[in-house]
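First up is the structure itself, then whatever we jot down about it.
Numbering (my numbering), first residue to last: 13 to 216.
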């Protein structure tokens with residue numbers, strides 16, 4: 013049971029840590045203190061709903077078709093390897109630090125709609141929550157516990173973005189910080205891909 017929980021926590025945590033439009037948007041709001049907890053809460057809720065739907069829909073289907081599960085396992089390996097390669101490339105090549113320009117404060121309505129846009133209009137969100145993560149979860153002892161672990165990772169991560177954005181803004185402006193973050197993400201994704209390729213759950 014605990015292995016399923018930790019696997020969900022690590023797998024989901026490693027995937028959502030990759031800084032994309034959604035995470036960068038919340039960090040920007042947090043730095044400016046513009047309804048950042050509303051935005052973070054909306055992202056948490058969307059993740060939990062999609063993860064639950066994917067886990068108890070996709071995984072249930074895959075478990076009835078072992079050949080489909082095997083095929084999706086290798087799709088997951090390829091995709092995770094691609095994520096790892098991208099992150100490690102950024103770690104070696106470097107990228108600009110995250111900065112947020114001050115501007116006119118937006119209303120809560122505009123923040124909510126913008127958050128929905130970077131969430132529901134992002135194909136990566138559906139690929140992760142409805143396909144990749146449930147494919148890994150389908151191999152776990154308890155689907156419900158796996159979803160709980162994955163949901164915990166989402167809650168912890170978006171809470172960290174909302175709470176720590178302002179405090180960490182000087183550090184996040186340094187390119188070296190993102191080299192370290194990208195390196196850790198790349199190694200984590202590569203490790204998950206290897207364990208998935210060997211037919212083992214992560215962590216082993």
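Just so it is clear, CB atoms sit at the ideal spot from N, CA and C, and this is done for glycine as well.
Closest by C-alpha distance to residue 201, out of 35, 19 and 15, is 19. With contacts defined as CB atoms closer than 8 Å, residue 205 and residue 96 qualify as a contacting pair.
In this structure, the alpha-carbon of residue 164 lies about 17 Å from that of residue 176. Residue 104 sits exposed, since fewer than 16 C-beta atoms from the chains shown fall within 10 Å of its C-beta. In the three-state reduction of the DSSP assignment, residue 98 falls in the helix class, which pools H, G and I.
Within its own chain, the residues whose Cβ lies closer than 7 Å to the Cβ of residue 42, once the five positions on either side in sequence are excluded, are 48, 173, 174, 177 and 178, listed in chain order. Short of 7 Å from the beta carbon of residue 166, and not among the five residues preceding or following it, lie these beta carbons of its own chain, in chain order: 24, 28, 56, 59 and 60. The beta carbon of residue 209 sits closer than 7 Å to those of 89, all from its chain and outside the five residues before and after it, given in chain order. In the DSSP assignment, residue 150 falls outside any alpha helix (DSSP H) and carries neither an H nor an E. Nearest to residue 62 by alpha-carbon distance, out of 120, 138 and 35, is 138. Counting only residues of its own chain and dropping the five nearest sequence neighbours on each side, residue 77 has no CB closer than 6 Å to any other CB.
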